[in-house]
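The numbers in our numbering rise by one with no breaks, and the one at position 196 of the sequence shown is 329.
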Amino acid sequence: MSTLQDRPNWMEIDLDALESNYAEIDRRAGHGRQVIAAVKGDAYGHGAVEIARALARRGCQAVWTGHVPEALAIKAADLGLKVILFGGYTADQIPGLAAAGLLPTVYDMEGAAAAAAAGAPVYVKVDSGLGRLGTPLGEARETIRAMAALPGLAIEGIYTHLPFGDAKGQAWALERAEGFGALLRALEGDGIRPAVTQLWGSCGLYAGLPDPTNAVCIGHLLYGLTPFPAIAPAAEGFRSTVKELGSRLIHVARHPAGAGLAIGGAYSLRNAASVGVIPLGVSDGMRRLGQHGQPEAILRGRRVPVIGTSLEHTVLDLDGIDDPRPGEIVRLVGTDNGASISMADWAGWMGCSELDAVLGFGGRLERRFANADEDIWGSFGAR
Ligand SMILES: *Cc1c(COP(=O)(O)O)cnc(C)c1O
Numbered sequence: 134m135s136t137l138q139d140r141p142n143w144m145e146i147d148l149d150a151l152e153s154n155y156a157e158i159d160r161r162a163g164h165g166r167q168v169i170a171a172v173k174g175d176a177y178g179h180g181a182v183e184i185a186r187a188l189a190r191r192g193c194q195a196v197w198t199g200h201v202p203e204a205l206a207i208k209a210a211d212l213g214l215k216v217i218l219f220g221g222y223t224a225d226q227i228p229g230l231a232a233a234g235l236l237p238t239v240y241d242m243e244g245a246a247a248a249a250a251a252g253a254p255v256y257v258k259v260d261s262g263l264g265r266l267g268t269p270l271g272e273a274r275e276t277i278r279a280m281a282a283l284p285g286l287a288i289e290g291i292y293t294h295l296p297f298g299d300a301k302g303q304a305w306a307l308e309r310a311e312g313f314g315a316l317l318r319a320l321e322g323d324g325i326r327p328a329v330t331q332l333w334g335s336c337g338l339y340a341g342l343p344d345p346t347n348a349v350c351i352g353h354l355l356y357g358l359t360p361f362p363a364i365a366p367a368a369e370g371f372r373s374t375v376k377e378l379g380s381r382l383i384h385v386a387r388h389p390a391g392a393g394l395a396i397g398g399a400y401s402l403r404n405a406a407s408v409g410v411i412p413l414g415v416s417d418g419m420r421r422l423g424q425h426g427q428p429e430a431i432l433r434g435r436r437v438p439v440i441g442t443s444l445e446h447t448v449l450d451l452d453g454i455d456d457p458r459p460g461e462i463v464r465l466v467g468t469d470n471g472a473s474i475s476m477a478d479w480a481g482w483m484g485c486s487e488l489d490a491v492l493g494f495g496g497r498l499e500r501r502f503a504n505a506d507e508d509i510w511g512s513f514g515a516r
């Protein structure tokens, strides 16, 4: 049953793949090292609450995000997870966030003082060179000592973030990681021993870099995404979590051979053929096509060319499909009768990273969540 509000478009998330990726991360992290899941950006476009629910079921104990409304939604779902904030608020909001059961990150004395006054445990972020959030590594020892001296402040964790994209970046990260390790040892000498220390995300874990901390915080690999899109198209040992990107034909029309279709007549039909339209376009995460190869979709287990896309529609060449009908299912991503197209294929055709592709579609389409044991449908309603 569909309602008037529904559009016949969906993105199906494979929770079995998510759980398998989580297990692989846990294995690589090694015994005794906690895996904290990064669920920022609405779980990298997958849906923060449902992903957190699936991870909690798999034994994950903590998630990390910088989006306060999503953090509150995860907390409200009562999954028994620690919800840690990367940031995303000003110091005056910290008491309210702590009262809501969230664990804030602080990176300056103002934030630390607000947390101390609220009696809230905190995570302290160190900027080891990325130049984003964090108390700068060079002054971190003094700052953290001053924070620890604030009455009422419990420092539960200290962490940093060193993503990289290639061998040169890895050398940079390794050097900075050594500095962060030295900071943790110096603080230990000062009597500051937080329960959680964390250094590597997907890049460091995938590259197998030495880790002086007791936790990892992983996003990309959890969602089957390579942390190195520029040099490696896929992350070996990890499964894609987007199982299907689907829609239905809303219109079919026949055109003569040689007809110049699409904007400005740029696409020429080889044969007299039917053309089909799906109600999914650039505003749903599609990007301009035509510069990176011929995109395709799947109808009745056959790959069909995608002619073009506009703000709310995408047009398919249905040459060779016998009597196509409105209502038929079209898969942009998915498998049908042996034909298979991946999100990575679409990222290639759209000239963007796989993460950018998922973020684009995930933000606008109904999400469905499936695993082998049970099916959990998205909050937008029935299939
Ligand atoms: C996003 C993020 C991570 C996870 O990064 P991935 O490369 O996606 O695994 C870890 N730490 C911090 C601070 C982050 O912002």
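Quick reminder that beta carbons are idealized off the backbone N, C-alpha and C, glycines included.
1. Leaving out the 5 sequence neighbours to the left and right, which residues in its chain are closer than 6 Å to S512 when beta-carbon positions are compared?
2. Could you name the residues that DSSP lists as bridge partners for L218?
3. Please report the residue range of the beta strand (DSSP E) in which Q167 lies.
4. Taking A406 and D450 to be in contact with their CB atoms under 8 Å, please state how far apart those CB atoms are, rounded to whole angstroms.
5. Could you tell me the boundaries of the beta strand (DSSP E) in which Q427 lies?
6. Tell me whether P202 is buried or exposed, calling it buried when 16 or more other Cβ atoms sit within 10 Å of its Cβ.
7. Considering just the uninterrupted stretch of the beta strand (DSSP E) at P438, what are its terminal residues?
8. Using DSSP with H/G/I as helix, E/B as strand and the rest coil, what is G460?
9. Applying the criterion that 16 or more other CB atoms from any shown protein chain within 10 Å of the CB defines a buried residue, is P459 buried or exposed?
10. Whole angstroms are fine: how far does the CA of A306 sit from the CA of G298?
11. Can you give me the C-alpha to C-alpha distance between L148 and C193, rounded to a whole angstrom?
12. Hey, is I325 close to ligand 1, as in C-beta under 6 Å from one of its heavy atoms?
13. Are three or more beta carbon pairs between the segment 344 to 358 and the segment 419 to 429 nearer than 8 Å?
14. Within 10 Å of its beta-carbon, does D139 have 16 or more other beta-carbons around it, so buried, or fewer, so exposed?
15. I need the straight-line Cα distance from G264 to W333, nearest angstrom please.
16. Hey, could you find the ends of the alpha helix (DSSP H) F313 is sitting in?
17. What is the DSSP secondary structure of T276, reduced to helix, strand or coil?
18. How would you label A363, buried or exposed, when you count the other beta carbons within 10 angstroms and need 16 or more for buried?
19. Kindly list the residues whose CB is nearer than 7 Å to the CB of Y339, restricted to its own chain and excluding five residues on each side of it in sequence; keep chain order.
20. Shortest alpha-carbon distance to P457 belongs to which of V408, G481, L488?
21. With 16 as the cutoff for other CB atoms within 10 Å, does A176 come out buried or exposed?
22. Take E461 and list the residues in its own chain whose beta-carbon comes closer than 7 Å to its own, dropping the five residues that flank it on each side.
23. Between T268 and Y256, which are expected to be in contact by the criterion C-beta below 8 Å, what is the C-beta distance as a whole number of angstroms?
24. Is there contact between the segment 163 to 173 and the segment 181 to 196, where contact requires at least three CB pairs shorter than 8 Å?
25. Closest to L230 by CA distance: which of G199, L188, G213 is it?
26. Thinking I217 and A248 are a contact (beta carbons under 8 Å), I'd like their distance in whole angstroms, please.
27. Based on Cα-Cα distance, which residue from S335, W479, S153 lies nearest to C379?
28. If you draw a straight line from the C-alpha of L205 to the C-alpha of V463, how long is it?
29. Kindly examine ligand 1 and report whether one of its heavy atoms sits closer than 6 Å to the Cβ of I351.
30. Would you list the one or two residues that DSSP bridges to K258?
31. If you drop the 5 nearest sequence neighbours on each side, which residues of the same chain put their C-beta closer than 6 Å to that of E487?
32. Could you check where the alpha helix (DSSP H) with F494 kicks off and where it finishes?
33. What separation, rounded to the nearest whole angstrom, lies between the Cα atoms of L151 and V415?
34. Can you tell me whether Q424 is buried or exposed? The criterion is at least 16 other CB atoms within 10 Å of its CB, across all chains shown.
35. State yes or no: is the C-beta of H200 nearer than 6 Å to some heavy atom of ligand 1?
Reading off the structure:
1. Confidence in S512 is poor, its pLDDT being 43 and thus under 50, which makes the residue's placement unreliable; the coordinate value appears in the next sentence. Listed in chain order, the non-local C-beta contacts of S512 below 6 Å within the same chain number zero, local neighbours out to five positions each way being set aside.
2. DSSP lists T198 as the bridge partner or partners of L218.
3. Unbroken beta strand (DSSP E) run through Q167: 167 to 171.
4. Right, the Cβ-Cβ distance comes to about 6 Å (below 8 Å), so this counts as a contact.
5. It is not in any beta strand (DSSP E) - Q427 carries neither H nor E in the DSSP assignment.
6. P202 is exposed by the Cβ-count criterion.
7. Looking at the DSSP string, the run of the beta strand (DSSP E) that includes P438 is 435 to 442.
8. G460 falls in the coil class under three-state DSSP.
9. Exposed.
10. The straight-line gap from Cα to Cα measures roughly 10 Å.
11. For L148 and C193, the gap between their C-alpha atoms comes out near 14 Å.
12. With a cutoff of 6 Å, I325 does not count as near ligand 1, since its C-beta is closer than that to no heavy atom of the ligand.
13. Taking 8 Å as the limit for Cβ pairs, the verdict is that the segment 419 to 429 does not touch the segment 344 to 358.
14. D139 should be labelled exposed.
15. In a straight line, the C-alpha of G264 is about 16 Å away from that of W333.
16. Taken as a continuous stretch (DSSP letters only), the alpha helix (DSSP H) holding F313 covers 300 to 322.
17. Here T276 carries a helix assignment [DSSP, helix/strand/coil].
18. The residue in question, A363, is exposed, as its Cβ has fewer than 16 Cβ neighbours within 10 Å.
19. Contacts found: L354, P360, A368.
20. For P457, the nearest C-alpha among the options comes from V408.
21. Buried, by the Cβ-count rule.
22. Excluding positions up to five away in sequence, the list reads R381, L382, L432.
23. T268 to Y256, Cβ: 12 Å. No contact.
24. At 8 Å Cβ cutoff, the stretches touch.
25. Here the closest residue by C-alpha is G199.
26. The pair is not a contact, with the Cβ atoms about 13 Å apart (cut-off 8 Å).
27. First, the amino acid is wrong: residue 379 is Gly here, not Cys. Nearest in C-alpha terms to G379, of all of S335, W479, S153, is W479.
28. Going by the C-alpha atoms only, they are around 36 Å apart.
29. Indeed, a heavy atom of ligand 1 lies less than 6 Å from the Cβ.
30. BP columns for K258 point to Y292.
31. Result list for E487: L358, M476, A477, A480, in chain order.
32. Looking at the DSSP string, the run of the alpha helix (DSSP H) that includes F494 is 487 to 495.
33. When rounded, the distance between both Cα atoms is 27 Å.
34. Answer is exposed; the Cβ neighbour count stays below 16.
35. It does not: the Cβ of H200 is nowhere closer than 6 Å to a heavy atom of ligand 1.
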